[in-house]
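Input: a single structure, listed below in structure tokens.
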Amino acid sequence: EIPLQLLVALHPDDVLGPAVRATFGTSFPIRFDYLDTVGGGNLSVHCHPTEQDMRHVFGWPYTQHESYYVLVSSGSSVIYLGLRADASADEFRRCARAADEHGIPFDIERFVQTFPADQHQLFLIPAGTPHASSAGNVVLEISATPYLYSLRFYDWLRSDQDGKRRPVHVGHAFRNLNQSRTGTAVAADLVQPARTVRSGAGWRE
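Put into structure tokens, the structure is as follows:
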């Protein structure tokens, strides 16, 4: 009957433990939310700030690493994650600026990889990694607490309720882009296949 955030604020060492409190203060360090794009559109392609940028630009003591766990997939939907091996960051930036400033669309898949949104697949998304969920998914997003800092590369030229193009954050996004998250390293490091840990009669973990 008492909000968890109040308990954490009043008794952080009891709830979190001293070591976790030293890093996260009185913020519960994990958040869960659902991203439902069934019958909707693609999410914006974005990244989250690096730890250094989060601290020095946004004044937050830790960054937002996260993961996507696919609960529902349309069968043809995808997860956008990491750069293509042949992507030019300079060309990506030029296209993103042209879209933001002049409303010129571009094919985001020239620069960002896609992976099938297979049900029960887990995608790891370290800060600085471009990512998005396509239309047709329900994704459980598990992340660190700061949810306010999604730095958009591209938002499909969508408009807000006033008819103005929704803001993106090209300068911030490219300053935080981790260009090492590219090519086959993305699949090897961030899209691990499920493996059996243990099993018994009628069950498998």
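First residue of the sequence shown: 170, per my numbering; consecutive thereafter.
No residue lacks a Cβ here, since even glycine has one placed at the ideal position from N, Cα and C.
Excluding sequence positions up to five before and after residue 200, its CB lies within less than 6 Å of the CB of 312, 314, all in the same chain and listed in chain order. Around the CB of residue 274, fewer than 16 other CB atoms lie within 10 Å, so the residue is classed as exposed.
Taking the Cβ atoms as the reference, residue 339 lies roughly 5 Å from residue 269, within the contact range of under 8 Å. Per DSSP, the continuous alpha helix (DSSP H) segment holding residue 222 begins and ends at 220-225. The region 297-308 and the region 249-256 touch, with no fewer than 3 CB-CB distances between them shorter than 8 Å. For residue 287, same chain residues with a beta-carbon under 8 Å away, outside a window of 5 residues either side, are 239, 242 in chain order. In summary, residue 362 is exposed, with fewer than 16 beta-carbon neighbours lying within 10 Å of its beta-carbon over all protein chains present. For residue 261, the CB contacts under 7 Å within the same chain, skipping 5 residues up- and downstream, are 280 in chain order. For residue 212, no beta strand (DSSP E) segment is defined, and its DSSP state is neither H nor E. Residue 271 counts as exposed, since fewer than 16 other beta carbons sit within 10 angstroms of its beta carbon. Residue 294 is a Cβ neighbour of residue 235, given a cutoff of 8 Å. For residue 173, the enclosing alpha helix (DSSP H) begins and ends at 173-179.
A straight-line Cα-Cα distance of about 22 Å links residue 367 and residue 292. Residues 230 of the same chain have their beta carbon placed closer than 7 Å to that of residue 224, with the five preceding and five following residues left out of the count. DSSP places residue 251 in the strand class (E or B) of the three-state scheme. As DSSP reads the structure, residue 202 sits in a beta bridge with 310. Under the three-state reduction of DSSP output, residue 300 falls in the strand class. Residue state for residue 291 is assigned as strand, using DSSP reduced to three classes. Within the DSSP bridge table, the entry for residue 369 names 372 as partners.
In the three-state scheme derived from DSSP, where H, G and I count as helix and E and B as strand, residue 337 is classed as coil.
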